[in-house]
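If you read the sequences in order, they're chains Z and P.
Sequential numbering of the first sequence, starting at 530, is according to my numbering.
Sequential numbering of the second sequence, starting at 6, is according to my numbering.
Each residue gets a CB set at the ideal place from its N, CA and C atoms; glycine is no exception.
Comments concern the structure below.
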Amino acid sequence: EDQVTQSPEALRLQEGESSSLNCSYTVSGLRGLFWYRQDPGKGPEFLFTLYSAGEEKEKERLKATLTKKESFLHITAPKPEDSATYLCAVAAGGTSYGKLTFGQGTILTVHP
Amino acid sequence: GAGVSQSPRYKVAKRGQDVALRCDPISGHVSLFWYQQALGQGPEFLTYFQNEAQLDKSGLPSDRFFAERPEGSVSTLKIQRTQQEDSAVYLCASSLGLYRGRETQYFGPGTRLLVL
């Protein structure tokens, strides 16, 4: 059974204080790893897809990396508007992209 | 363009009532997914469709849960004889397809179901 574990559960940062969120996964045949951002009362918002170990993607203050066992979401010089829950998910097995298996999320709070 | 829409946004049901939750996917998206999200948890997969075909319903928690997409567009998730443990946010997502380059799932705002 596919498993995704995110750490830490919650992270509090000062504005400008860079840090990383971790997503560890155990799957059979990774097809893709996805990062989403979720604001309270809203649905998840897509950020990145990573397909293979060594791949990196960047968007503004966010950078996602992937190894064979885990992914990191690096946040550089965060701002209060980066506060949200960050979700990691994997698609695995089979020959197509069907269901996603999500981690429990990391709640990020950035204080001004 | 318009994103995924869901209705109602909030639903309060008495235990034992039947409920129907609607999802309108992004126009042109052939794949549609349903997830259940408990408070403080990540979404959990329920079922998905490719056009009108339901390809995987392994995540539906019991036979009280039923999903359909008869014309390959709008989908309805139906829960019969609701129980308190069904209280959660139900998320719908859609994608262009099931293969690389088309697989990104875009989520709607969710329907928050509270069963009393």
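Task: Nearest candidate by alpha-carbon position, reference Z/A593, set Z/P609, Z/E610 and Z/F575 - done: On the first sequence, residue 593 of chain Z is found 64 positions in, with the first residue counted as 1. Considering only alpha carbons, the answer is Z/F575.
Task: Member of Z/A613, Z/F563, Z/T614 and Z/P569 whose CA lies at the smallest distance from the CA of Z/Y554 - done: Counting from 1 along the first sequence, the entry for residue 554 of chain Z is found at position 25. Considering only alpha carbons, the answer is Z/F563.
- [ ] Taking 8 Å as the cut-off, decide whether the C-beta atoms of Z/G627 and P/G47 are in contact.
- [x] Reading the first sequence from its first residue, position 98 is the one you call residue 627 of chain Z. Reading the second sequence from its first residue, position 42 is the one you call residue 47 of chain P. Contact flag unset, no.
Task: Against chain P: residues of the stretch 580 to 592 of chain Z by CB proximity under 9 Å - done: Y580
Open item on the list: I want to see whether chain P comes within less than 8 Å of Z/Y615, judged by CB atoms only; does it?
Closed with: Working through the first sequence from its first residue, we reach residue 615 of chain Z at position 86. Chain P contact via Cβ: absent.
TODO: Answer yes or no: do P/L96 and P/A18 have a C-beta to C-beta separation smaller than 8 Å?
DONE: The residue you call residue 96 of chain P lines up with position 91 of the second sequence. The residue you call residue 18 of chain P lines up with position 13 of the second sequence. No; because the gap between Cβ atoms is not below 8 Å, this pair is not in contact.
- [ ] Determine contact between the stretch 593 to 609 of chain Z and the stretch 49 to 60 of chain P, defined as no fewer than three beta-carbon pairs at a distance below 8 Å.
- [x] no
TODO: State whether the stretch 29 to 38 of chain P contacts the stretch 100 to 117 of chain P, with contact taken as three or more CB pairs (one from each stretch) at a distance under 8 Å.
DONE: yes
- [ ] Report the rounded CA-to-CA distance for P/R86 versus P/D23, giving the unit in angstroms.
- [x] By one-based count along the second sequence, residue 86 of chain P stands at place 81. By one-based count along the second sequence, residue 23 of chain P stands at place 18. Their Cα atoms are separated by approximately 5 Å.
Open item on the list: Taking 8 Å as the threshold (beta carbon to beta carbon), is Z/L559 in contact with chain P?
Closed with: Locating residue 559 of chain Z in the first sequence gives position 30, counting from the first residue. For Z/L559, the answer is no, since every Cβ of chain P falls outside 8 Å of its Cβ.
- [ ] Could you tell me the distance, in whole angstroms, from the CA atom of P/G8 to the CA atom of Z/Y615?
- [x] Against the second sequence, residue 8 of chain P aligns to sequence position 3. Against the first sequence, residue 615 of chain Z aligns to sequence position 86. Taking the straight line joining both Cα atoms gives about 20 Å.
TODO: Please list the partners that P/Q41 has in chain Z, where partner means a Cβ-to-Cβ separation under 8 Å.
DONE: Stepping through the second sequence from its first residue, residue 41 of chain P is reached at position 36. Going along chain Z, no residue has its Cβ under 8 Å from P/Q41, so there is no contact; the nearest lies around 11 Å.
TODO: Starting from the C-beta of P/R69, find all residues in its chain whose C-beta is less than 7 Å away, skip the five residues before and the five after it, and write them out in chain order.
DONE: Here the question's residue 69 of chain P lines up with position 64 in the second sequence. These residues qualify, in order along the chain: I84, Q85 and R86.
Task: Residue range of the beta strand (DSSP E) that includes Z/E544 - done: Here the question's residue 544 of chain Z lines up with position 15 in the first sequence. Per DSSP, Z/E544 belongs to no beta strand (DSSP E) and is neither H nor E.
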